[in-house]
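Data block below; observations after.
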Amino acid sequence: MAKVLMKGNEAIAEAAIRAGANNYFCYPITPQTEVAEYLAKRMPEVGGVFLQAESEVAVGNIVFGAASTGKRVFTTSSSPGISLMQEAISYMAGAQLPCVILNIMRGGPGLGGILPAQSDYFQATKGGGHGDYRLLVLAPSTIQEAVDLTMLACHLADKYRNPVMIIGDGMIGQMMEPVEFPENYTEPELPTKDTWAATGAKGRKPRVIKSLFLDPYKLEDNSVVLYNKYQQMKKDEVRFELYKTSTKNKVLIVSYGTMARICQTVIDELEEEGVSVGLFRPITVYPFPEAALEKEATRKNIDTVLTVEMSMGQMVEDVERAIARRRPVEFFGRTGGIVPTPDEVKKQIKELIKKKHGAKTRQSTTKSKKKG
Amino acid sequence: MSGKTRFTPPQFSNKILIIVGGFGSGKSEVSVNLAAYLARTSSEAVTIADLDVINPYFRSREAASQLASLGVKSLIPGGENVHADLPIVIPEVKGAIEEPGGTLILDVGGDDLGARVLSSLRDAFPATGYDLLLTHNANRPFTSDLEGTLKVMSEIEGASRMKFTGIICNTHLMKDTTSEVVLTGLKQSREVSATANVPIVFLSAVTEVLETMDPELIDCPILPLNRSLLKPWERQAPTGGN
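So the sequences go chain by chain: A and B. If you read the first sequence in our numbering, its first letter stands for residue 188, the second for the next number, and so on. If you read the second sequence in our numbering, its first letter stands for residue 34, the second for the next number, and so on.
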């Protein structure tokens, strides 16, 4: 198929249709409303369901109900709207229901603002709702990747019978880039849904889909089933990308989403100035690519790991955990809808290198003490 | 820029240029570049009004300070509201329509939804003396064929209560734009132009691509674009002779 120019929100919407997620429920909120705008036009063309509910609380529960039928279900929102869906998301995880949720993040907390942010990382990766559950969370950095990951998300949700979330900062929703949709999309085979889906009980025993287990042993059993799925995800679904990582790197940047692209510009420009910096970009932020990051971050020449985010520092905790104090982890971020400029990030790296080299000559004893 | 003289620049007899079009067709980038071009080449005052009440990002207001350095006045909401995606039209816009002074460019939001703002200002417009210009990008999903483009045009005309007077051929694929993309787009805009009986007023494309093209193949005026509404990781291209 020829390339078309699409806004992220539109491209993600089309990708969901291509992956067969023909049941879409929504409530408008900036900066993701174009998903709804687009699907309001497109869903009737493919015979799908488009429904705008009265609130995100309602959307979450409609998604819960629709997912129980075994059909592919998709919803989208932005930060405050995603908060309102948390109850239903927890219920769906508990009841082992697949669905795909897109969060085009804006500045928070509260109503915040409408400009791009990455400050819902904690909410997405650490469980925004209650209980022992996790979401599989994908973080695209280009519109093409947003398309590919949306289609993958539909598959993974069914594979694990668990909600899958795609997080993109506002830029992913709002910017336009050329994209291509796969010509013949075929998915790896999935287990039948006809063991659990509510498809009408005529001629068979009724199935019960629930997250309520009054018997604590049964509730614990359910949590163990979920836990085992998350362990499986950690084994099979970790995704990341490296950019210009080499043994020459002095600094390793860890950054995701469009923030990583700003870091790429920085890395290219620093390379021309003779400063070698690499980028580690998590694509799955849950499961977090811990082992791979540890390996990259502890290469011989790397003095410092710098985490760059559009937040006050959320992923930085996962980075610290992965590296387990084997390298100093620094953080740089802007928040509230302010997108760091390449110059700001560049300045930060130069200061870090300067500090490091200064420290080497002046305070070698303190440093070796720290090391030990 | 050496290539500039090779092309016929766009010319307008009307004082008010209203830039509308399908959602994401490139209206803001065209508006900003048109304002900059007119400011550089004419002695008259140039004003741009950002009437985009649809998009939250990548609006012409982001280029306000850049345009101010060229003497272009921007009419945009003040204070915090500059960041809002609320249907705010400041009173100065109506005043500027009633008495444009020099050239007034109205950068309107996409589709009929964005064009609805014109309806509320309809009474301020003179009976004639304005251009309603469709920005056409044939690589956008809903304006990729004749039928779709005509539908968008009729919806915009309905919402704005105005008639089209011109088409801006703005087919591109951002960084993947080639001369072939531009020429295929021109062909499609011509088809729209012939069917709707609305002339093509100019073709717009980035300078880097235009410089690779044979001017003979483009039989309409041309506005070279220097991209101004950039993504955070993009750097402004050097502008050459300016």
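Even for Gly, the Cβ is constructed at its ideal location relative to N, Cα and C.
DSSP state of residue i mapped onto helix, strand, coil
{"i": "residue 497 of chain A", "result": "coil"}
{"i": "residue 308 of chain A", "result": "helix"}
{"i": "residue 218 of chain A", "result": "coil"}
{"i": "residue 517 of chain A", "result": "strand"}
{"i": "residue 231 of chain A", "result": "helix"}
{"i": "residue 208 of chain A", "result": "coil"}
{"i": "residue 276 of chain B", "result": "Since the first residue of chain B shown is 34 and the last is 275, residue 276 of chain B is not available in this structure."}
{"i": "residue 256 of chain A", "result": "coil"}
{"i": "residue 239 of chain A", "result": "strand"}
{"i": "residue 122 of chain B", "result": "coil"}
{"i": "residue 303 of chain A", "result": "strand"}
{"i": "residue 185 of chain B", "result": "helix"}
{"i": "residue 261 of chain A", "result": "strand"}
{"i": "residue 297 of chain A", "result": "coil"}
{"i": "residue 196 of chain A", "result": "helix"}
{"i": "residue 526 of chain A", "result": "coil"}
{"i": "residue 191 of chain A", "result": "strand"}
{"i": "residue 290 of chain A", "result": "strand"}
{"i": "residue 443 of chain A", "result": "coil"}
{"i": "residue 138 of chain B", "result": "strand"}
Min CB distance residue i to chain A below 8 Å
{"i": "residue 94 of chain B", "result": "no"}
{"i": "residue 178 of chain B", "result": "no"}
{"i": "residue 118 of chain B", "result": "yes"}
{"i": "residue 219 of chain B", "result": "no"}
{"i": "residue 174 of chain B", "result": "yes"}
{"i": "residue 206 of chain B", "result": "yes"}
{"i": "residue 89 of chain B", "result": "yes"}
{"i": "residue 114 of chain B", "result": "no"}
{"i": "residue 184 of chain B", "result": "no"}
{"i": "residue 209 of chain B", "result": "yes"}
{"i": "residue 259 of chain B", "result": "no"}
{"i": "residue 60 of chain B", "result": "no"}
{"i": "residue 57 of chain B", "result": "yes"}
{"i": "residue 110 of chain B", "result": "no"}
{"i": "residue 6 of chain B", "result": "What the structure shows of chain B is the stretch from 34 to 275, and residue 6 of chain B is not part of that stretch, so it cannot be assessed."}
Cβ of residue i within 8 Å of any chain B Cβ
{"i": "residue 541 of chain A", "result": "no"}
{"i": "residue 520 of chain A", "result": "no"}
{"i": "residue 273 of chain A", "result": "no"}
{"i": "residue 219 of chain A", "result": "no"}
{"i": "residue 375 of chain A", "result": "no"}
{"i": "residue 394 of chain A", "result": "no"}
{"i": "residue 558 of chain A", "result": "Note that residue 558 of chain A scores 40 on pLDDT, short of 50, meaning its location in the model is unreliable; the coordinates nonetheless yield the value given after this. Output row for residue 558 of chain A: interface = no."}
{"i": "residue 533 of chain A", "result": "no"}
{"i": "residue 499 of chain A", "result": "no"}
{"i": "residue 378 of chain A", "result": "no"}
Cβ-based burial, residue i [other Cβ within 10 Å; buried from 16]
{"i": "residue 279 of chain A", "result": "buried"}
{"i": "residue 517 of chain A", "result": "buried"}
{"i": "residue 67 of chain B", "result": "buried"}
{"i": "residue 230 of chain B", "result": "exposed"}
{"i": "residue 205 of chain B", "result": "buried"}
{"i": "residue 424 of chain A", "result": "buried"}
{"i": "residue 377 of chain A", "result": "exposed"}
{"i": "residue 243 of chain A", "result": "buried"}
{"i": "residue 237 of chain B", "result": "buried"}
{"i": "residue 233 of chain A", "result": "exposed"}
{"i": "residue 407 of chain A", "result": "exposed"}
{"i": "residue 290 of chain A", "result": "buried"}
{"i": "residue 533 of chain A", "result": "buried"}
{"i": "residue 488 of chain A", "result": "exposed"}
{"i": "residue 415 of chain A", "result": "exposed"}
Distance cut-off 7 Å: residue i Cβ against heavy atoms of the ligand GTP
{"i": "residue 165 of chain B", "result": "As far as ligands go, the structure on display features none, and thus does not contain the ligand GTP."}
Taking only runs of the alpha helix (DSSP H) that begin and end inside the region 239 to 273 of chain B, which ones reach a length of at least 4 residues, in chain order? 240 to 243
What beta strand (DSSP E) runs, 3 residues minimum, are completely inside the region 364 to 438 of chain A? 427 to 430
Can you find at least 3 beta carbon pairs, one from the region 419 to 433 of chain A and one from the region 386 to 398 of chain A, that sit closer than 8 Å? no
So within the region 192 to 234 of chain B, which uninterrupted alpha helix (DSSP H) runs reach at least 4 residues, ignoring any that extend past its ends? 212 to 229
Could you tell me whether the region 53 to 62 of chain B touches the region 167 to 182 of chain B, where touching means 3 or more Cβ pairs closer than 8 Å? yes
Tell me, please, whether the region 44 to 51 of chain B touches the region 132 to 149 of chain B by the rule of three or more beta-carbon pairs shorter than 8 Å. Yes: the two stretches touch, three or more of their Cβ pairs being nearer than 8 Å.
Any chance the region 79 to 88 of chain B sits against the region 184 to 197 of chain B, with 3 or more Cβ pairs inside 8 Å? no
Write down every uninterrupted run of the alpha helix (DSSP H) in the region 38 to 95 of chain B whose length is 4 residues or greater and which is fully enclosed by it, in chain order. 60 to 74
Which runs of the alpha helix (DSSP H) fall wholly inside the region 445 to 485 of chain A and span at least 4 residues, in chain order? 445 to 459 and 477 to 484
Give the list of continuous beta strand (DSSP E) stretches no shorter than 3 residues that lie fully inside the region 317 to 369 of chain A. 323 to 325, 350 to 356 and 363 to 366
Are there three or more Cβ pairs, one per stretch, closer than 8 Å when the region 314 to 328 of chain A is compared with the region 223 to 240 of chain A? no
Please determine if the region 201 to 220 of chain B and the region 239 to 255 of chain B are in contact, where contact requires at least 3 C-beta pairs separated by less than 8 Å. With a cut-off of 8 Å on Cβ pairs, the region 201 to 220 of chain B is in contact with the region 239 to 255 of chain B, counting three or more such pairs.
Measuring CB atoms only, is the region 440 to 451 of chain A touching the region 464 to 482 of chain A, in the sense that at least three cross pairs come out at less than 8 Å? Because the criterion of three Cβ pairs below 8 Å is met, the region 440 to 451 of chain A and the region 464 to 482 of chain A touch.
Cβ contact (3+ pairs, closer than 8 Å) linking the region 142 to 155 of chain B and the region 81 to 99 of chain B: With a cut-off of 8 Å, the region 81 to 99 of chain B and the region 142 to 155 of chain B count as touching, because enough Cβ pairs lie within range.
Count the C-beta pairs between the region 258 to 269 of chain A and the region 291 to 305 of chain A that are closer than 8 Å, then say yes if the count reaches three, no if not. Under the three-pair Cβ rule at 8 Å, the region 258 to 269 of chain A counts as touching the region 291 to 305 of chain A.
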